[in-house]
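Written out below as structure tokens is the structure these notes cover.
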Amino acid sequence: MVECSMKSNRYSQFSLHFFKKILREDDEKNLLMEKANIGMPYEEYQSLVYMNTLMVSIVVTILSITLHLLIPGFPWILIPILIGAAAGVTWLIHWYYPVYEVKRRANSIERFLPYSINFISTMAETGISPAEIFRTLAKTDIYGEIQNEAKKITKEIDVMGVDAITALKHGLERTPSKKFKAFLQGLIGTIQTGSSLGAFLSSSVERYMREDLLARKKNLEFLGLIAELFVMAVIAFPLFLVIIISIM
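Just so we're on the same page, this note's numbering is the position in the sequence shown counted from 1, plus 1240.
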């Protein structure tokens, strides 16, 4: 079963029914929901944003009025400011959440991509079909969000009766990772043209491993720079300051 970051529930369905007349369909936003692995259509998520913002506004209104009555001198002008600020923050958090999830999932996929492709390459060498490879990958929980991507592909093949090529095409359309999308495009092209799957996977492993190594080196260099700045700020600068003061 695909693990979604947020699923449809009674509350979200009630929100959808409550705000149904003002909602609109948006295929682009629905794709964003899929990339973020949010288990509800955009209209339902949109209604959830409206409902949560409304609930927060009501709660803050009640609290603000209570504070005004309990605390002498509590200014009325703060009440609309607090309500507006609370509603605005709630709105922004909800609208940014799918974008955050897309970025988080993309980073997770690309972090484990070289190792998952190595896993796929090893299985392909034994003559296992692409569909069976992704079934196995969907059961392997050491490759982060790649497992969820494999689960979606496997679900289309096993439950919906879609062929492997079509399922892979759908997978590359909804993945948040550009690198994984490029890999799936290459995999589909290799299968369709009848080229050597082993050669493609071996070259992919080598390329992505090399890119991963370069990325790690850059991160280490950046951490080294941060460490040097820390030493200068915490150790060298105070010593320099002491010397200057002693000379004066």
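Each residue gets a CB set at the ideal place from its N, CA and C atoms; glycine is no exception.
Item, Value
"Straight-line Cα distance separating I1305 from I1397", "57 Å"
"CA nearest to the CA of M1449, picked from F1352, P1478, E1365", "F1352"
"Residues of its chain near I1393, where Cβ-Cβ distance is below 7 Å and the 5 sequence neighbours each way are ignored", "F1374, A1407, L1408, G1411"
"Proximity below 8 Å, CB of S1361 to CB of L1272", "no"
"4-residue-minimum alpha helix (DSSP H) runs that sit fully inside the segment 1311-1387, ordered along the chain", "1318-1364, 1370-1378"
"Distance CB(S1297)-CB(A1325) smaller than 8 Å", "no"
"Sufficient close CB pairs (3 or more, under 8 Å) joining the segment 1244-1256 to the segment 1281-1289", "yes"
"8 Å Cβ shell around V1342 - same chain, five flanking residues per side excluded", "L1272, K1275, A1276, P1416"
"Classification of P1338 by the beta-carbon crowding that lies within 10 angstroms, buried from 16 upward", "buried"
"Among S1436, L1465, S1444, G1434, nearest to L1424 - alpha-carbon criterion", "S1444"
"Closest by C-alpha distance to T1366, when choosing among A1467, L1479, A1390, L1437", "L1437"
"N-terminal and C-terminal residue of the alpha helix (DSSP H) that R1447 is part of", "1437-1471"
"Nonlocal neighbours in the same chain, by C-beta distance under 6 Å from L1377, ignoring five residues either side", "A1390"
"Rounded separation between I1262 and L1256 - CA only", "10 Å"
"Close-in-space but distant-in-sequence residues of the same chain around A1364 (CB under 7 Å, 5 per side omitted)", "I1373, L1437, G1438, L1441"
"Buried versus exposed call for R1456 [16 or more other C-beta atoms within 10 Å across all chains shown]", "exposed"
"DSSP beta-bridge partners of M1246", "I1278"
"Limits of the unbroken alpha helix (DSSP H) element including R1414", "1404-1414"
"D1398 in three-state terms, based on DSSP", "helix"
"When L1307, K1260, I1302 are compared against E1284, the one with the closest alpha-carbon", "K1260"
"Inter-residue spacing [alpha-carbon to alpha-carbon] between D1266 and I1405", "27 Å"
"Under the three-state DSSP convention, the category D1267 falls into", "helix"
"Contact belief for W1331 with T1293 at Cβ below 8 Å, rounded distance in angstroms", "5 Å"
"Inter-residue spacing [alpha-carbon to alpha-carbon] between N1347 and I1333", "20 Å"
"L1303 and F1314 closer than 8 Å at C-beta", "no"
"Check whether I1349 and I1386 have beta carbons under 8 Å apart", "yes"
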